[in-house]
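Each residue of the sequence shown is one higher than the one before, starting from 1 at the first, in full-length UniProt numbering.
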Amino acid sequence: MAALWIAHVTVTDAEAYGKYAELAGPAIAKHGGEFIARGGRFVQLEGKERPRNVVATFPSVEAAVDCYNSPEYQEALSHAWGASERELMVVETT
Numbered sequence: 001m002a003a004l005w006i007a008h009v010t011v012t013d014a015e016a017y018g019k020y021a022e023l024a025g026p027a028i029a030k031h032g033g034e035f036i037a038r039g040g041r042f043v044q045l046e047g048k049e050r051p052r053n054v055v056a057t058f059p060s061v062e063a064a065v066d067c068y069n070s071p072e073y074q075e076a077l078s079h080a081w082g083a084s085e086r087e088l089m090v091v092e093t094t
C-alpha cells in the first residue's frame, strides 16, 4: 500500500538547509518517492505552525522508512540538524 512522507519544517539556517534539500531530493527519488507538495501555500488550522511543509508519495511505508534510513538520506539529514526544527511522519494511504 502507498504511503505519504509528511514533513513540517521551520528553517533556522537557510544555507545549511539548502545543502540538505540539494541532497534529499535525489535520495527520495532513488527510493521511489515523488514530491506532491513542497513549500507551497498552506493554511494552519490546528497545532504548531511550520512555514515549510513537504509531502512525498512512496510505494509503501517500508520504502519511505528505507529511504529515511539510507546512507544517502542520512547524509542529507546531517545538514538539516541544527539548521531546522522539524517533524516527519510516514502515513499509509488507503
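All residues carry an ideal CB built from backbone N, CA and C; glycine is no exception.
Close-in-space but distant-in-sequence residues of the same chain around residue i (CB under 8 Å, 5 per side omitted)
i	result
P59	A2, A3 and G32
T10	R50, P51, R52, S84, E85 and R86
K30	C67, S70 and E72
Residue range of the alpha helix (DSSP H) that includes residue i
i	result
L23	A14 to K30
L77	P71 to A80
Contacts around residue i, its chain only, beta-carbon distance under 7 Å, and the 5 residues preceding and following it disregarded
i	result
E75	L23
Beta-bridge partners of residue i, as assigned by DSSP
i	result
V65	Looking at the DSSP assignment, V65 forms no beta bridge with any residue, so it has no partner.
Neighbourhood of residue i by C-beta, 6 Å cutoff - its chain only, sequence neighbours within 5 removed
i	result
D13	A83
Y73	A27 and C67
Y20	A76, H79 and A80
F35	A56
V54	A7 and R38
V61	A3, V90 and E92
L88	A7
Continuous beta strand (DSSP E) stretch holding residue i: start and end
i	result
residue 96	Because the chain in this structure spans residues 1 to 94, residue 96 falls outside the shown range and cannot be described.
E34	E34 to R38
L4	A3 to V11
F58	R52 to F58
Option in the options with minimal Cα separation from residue i
i	options	result
Q44	E92, I36 and H8	H8
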